[in-house]
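Protein chains in written order, with our numbering: chain W, 163 to 462; chain G, 7 to 248.
Next comes the structure, spelled out in structure tokens:
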């Protein structure tokens, strides 16, 4: 096991940020911690990277205890915090050199590992980090987190606020790093990124709601989901919510995802009901649940 | 010009030195429409939006927002629009009630009107137990819902939302969108930017900016047909990646 977390809890001034968190990440695994702002993801990352003491529980990273062996852990992990935390007044190359030196290595020694990522920003190596675009800052931060060849990589919300194109590119980089044998713990508020992980933990309000592979989580979804559509979205949502048998009603792209309380649900009844409410062009079709559906059902 | 156009943009351009951040963009937004304004980081969205809300002067071209010219009537625009973003929404060190009173005052509402609006807002959002809580102590999703309501206090014709739901949990994110639908249904025009492509599907029409230009503008349905894509995410990737 590369990361073992058992019963970790942490409170800030009486507010429980983490509540009895336990999970394991295998060597070489890409594990995603999926949850919104305030779920406790950053607190957990800070505990595991030995920057913060937990109130209760134990954890080990790369085989070392997070309290007793904190110095060895700091040498063996790479950490990319959510907020850009490189030196804005140093150039791209100076930042990378700085991190290499701190960890007692050189850029040349581990260049292979960062090459894919670093070549994209190398043309700007004399530019100050503060002057880089968001996407380039990210690539530099990732290069700096990797320069000492860590066994375990912690990426805290690397794609938050990033457009879909850069998000896709970033995930392609993460996947390539995984192929090099690095264990990766990544957090994200974007539910659609869950599918790219081997296993995920869904987290909200400091509690892990479920841990499994994305496929298994979807399989365990307890209900049949229907894509419902009509001309007036607002009226449609209101009408579905007012329907006496409705279990959940969530807008999903151009559709509304609807689940019913009854086991013997017949879409024809619902269509009649909606037509009575003056909705036009109604379609109701069975669809596949997504991770987001699973998350909302668990968080309900 | 048609009367129901609340935003009219014609060849709007902004240059910083030699760099063209926004390059002759042209579009209109109708009353009560939910208009999604998309683009990659650095495509020029924020610069364009700043011109539309009257805080940045165009280099060339023209735009009218709520009937006022962005270059010469910026103060009138500010009175007639609502604005909220992920970065700036409410004051953390003021209570919910204080925030409402403060923004009501800024928008020039009378005391009686503020009182009435506060009551209505608290009722609608079910905030009865939270009125005297500091905004900083509330979950992000709550803050954003309150901020949206506050941006509507002075009953603006248009509200500009700059990534209003970033990081918000999926259930609250949907509650937020239901509030958007409701306002649009009441005739308020919504101009919104987002990085969530499923939210792009919630919009009546969507524009996608690439390198300062609007490369695509249509309903999500027609954009998906045009680019032979399953989702708006695929449309976005095809356009922005080239």
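Positions of the beta carbon are idealized from the N, C-alpha and C atoms, including for glycine.
Buried or exposed: residue i, going by 16 or more other Cβ atoms within 10 Å of its Cβ?
i: residue 273(W); result: exposed
i: residue 334(W); result: exposed
i: residue 192(G); result: exposed
i: residue 250(W); result: exposed
i: residue 218(W); result: exposed
i: residue 239(G); result: buried
i: residue 236(G); result: exposed
i: residue 134(G); result: exposed
i: residue 61(G); result: exposed
i: residue 213(G); result: buried
i: residue 378(W); result: exposed
i: residue 393(W); result: exposed
i: residue 172(W); result: buried
i: residue 74(G); result: buried
i: residue 428(W); result: exposed
i: residue 243(G); result: buried
i: residue 111(G); result: exposed
i: residue 262(W); result: buried
i: residue 328(W); result: buried
i: residue 421(W); result: buried
i: residue 452(W); result: buried
i: residue 305(W); result: buried
i: residue 76(G); result: buried
Tell me which residues share the same chain as residue i and place their Cβ nearer than 8 Å to its Cβ, disregarding the 5 neighbours each side in the sequence.
i: residue 115(G); result: 123, 159 and 160
i: residue 7(G); result: Caution is warranted here: a pLDDT of 45 is assigned to residue 7(G), below 50, making its placement in the model unreliable, and the coordinate value is therefore given only provisionally. Correct list, in chain order: 14.
i: residue 182(G); result: 147, 150, 151, 154, 170, 171 and 174
i: residue 190(W); result: 164, 340, 343, 344 and 345
i: residue 17(G); result: 30, 31, 32, 66, 67 and 68
Compute the beta-carbon to beta-carbon distance between residue i and residue j, rounded to the nearest angstrom, for a pair I have assumed lies under 8 Å.
i: residue 444(W); j: residue 418(W); result: That pair is no contact at about 11 Å.
i: residue 89(G); j: residue 157(G); result: 6 Å
i: residue 218(G); j: residue 26(G); result: 5 Å
i: residue 454(W); j: residue 176(G); result: 5 Å
i: residue 388(W); j: residue 448(W); result: 6 Å
i: residue 221(W); j: residue 213(W); result: Residue 221(W) to residue 213(W), Cβ: 13 Å. No contact.
i: residue 196(W); j: residue 183(W); result: With 8 Å as the limit, residue 196(W) and residue 183(W) do not qualify as a contact, their Cβ atoms being about 14 Å apart.
i: residue 105(G); j: residue 96(G); result: 5 Å
i: residue 215(G); j: residue 50(G); result: 5 Å
i: residue 239(W); j: residue 224(W); result: 7 Å
What residues in its chain sit with their C-beta under 6 Å from that of residue i, if we drop five residues either side in the sequence?
i: residue 70(G); result: 14
i: residue 375(W); result: 361
i: residue 65(G); result: 19, 20 and 21
i: residue 180(G); result: none
i: residue 210(G); result: 39 and 40
i: residue 373(W); result: 185 and 363
Can you find the residues in the same chain that come closer than 7 Å, C-beta to C-beta, to residue i, ignoring five residues on each side of it along the sequence?
i: residue 131(G); result: 151, 152 and 155
i: residue 322(W); result: 244 and 351
i: residue 98(G); result: 140, 141 and 142
i: residue 241(G); result: 229, 230, 233 and 235
i: residue 275(W); result: 308, 311 and 342
i: residue 109(G); result: 156 and 159
TODO: Quick one: which residues of the segment 107-141 of chain G get their C-beta closer than 8 Å to a C-beta of chain W? List them in chain order.
DONE: none
Task: the segment 198-222 of chain G: positions lying closer than 8 Å to chain W by Cβ - done: 201, 202, 203, 204, 207 and 208
Open item on the list: Within 8 Å, do at least three Cβ pairs link the segment 345-354 of chain W to the segment 382-399 of chain W?
Closed with: no
- [ ] Below 8 Å between beta carbons is the criterion; list the residues of the segment 412-433 of chain W that meet it against any residue of chain G, in chain order.
- [x] 412, 413, 414, 415 and 416
Task: Members of the segment 150-181 of chain G that neighbour chain W once the beta carbon cut-off is set at 7 Å - done: 172, 173, 174, 175, 176, 177 and 180
Open item on the list: I want to know whether the segment 76-95 of chain G touches the segment 163-171 of chain G - three or more CB-CB distances under 8 Å.
Closed with: yes
Task: Contacting positions in the segment 310-329 of chain W - beta carbon closer than 7 Å to chain G - done: 322, 323, 324, 325, 326, 327 and 328
Open item on the list: Pairs of beta-carbons, one from the segment 427-446 of chain W and one from the segment 328-345 of chain W, closer than 8 Å: are there three or more?
Closed with: no
TODO: Taking 8 Å as the threshold, find out whether the segment 251-263 of chain W comes into contact with the segment 281-298 of chain W through three or more Cβ pairs.
DONE: yes
- [ ] With 7 Å as the C-beta to C-beta threshold (strictly closer), list the residues of the segment 30-51 of chain G near chain W in chain order.
- [x] 46, 47 and 48
Open item on the list: When you compare the segment 32-52 of chain G with the segment 190-206 of chain G, are there three or more beta-carbon pairs, one atom per stretch, that lie closer than 8 Å?
Closed with: yes
Task: Contact set between the segment 184-199 of chain G and chain W, restricted to residues whose Cβ is under 8 Å from the partner - done: 184, 187, 188, 190 and 191
Open item on the list: Measuring CB atoms only, is the segment 187-206 of chain W touching the segment 361-372 of chain W, in the sense that at least three cross pairs come out at less than 8 Å?
Closed with: yes
Task: chain G contacts made by the segment 338-357 of chain W, where a contact means CB separation under 7 Å - done: 351 and 353
TODO: Could you tell me whether the segment 225-239 of chain W touches the segment 402-412 of chain W, using the rule of 3 or more Cβ pairs below 8 Å?
DONE: no
Open item on the list: Using a Cβ-Cβ cutoff of 7 Å, what residues of the segment 168-202 of chain W are near chain G? List them in chain order.
Closed with: 198, 199 and 200
Task: chain G contacts from the segment 217-244 of chain W (Cβ-Cβ distance under 9 Å) - done: none
Task: Within 8 Å of chain W by C-beta, residues of the segment 223-244 of chain G in sequence order - done: 226, 227, 237, 238, 239, 242 and 243
Open item on the list: Using a Cβ-Cβ cutoff of 7 Å, what residues of the segment 278-312 of chain W are near chain G? List them in chain order.
Closed with: 295, 296 and 297
Task: Under 8 Å (Cβ pairs) to chain G, residues found in the segment 447-460 of chain W - done: 454, 457 and 458
- [ ] Note down, in chain order, all residues in the segment 388-403 of chain W with a beta-carbon under 7 Å from any beta-carbon belonging to chain G.
- [x] 395, 396 and 399
Task: Residues within the segment 60-93 of chain G neighbouring chain W, beta-carbon criterion of under 9 Å - done: 92
Open item on the list: Against chain G, which members of the segment 358-388 of chain W pass a CB distance test of less than 8 Å?
Closed with: 366
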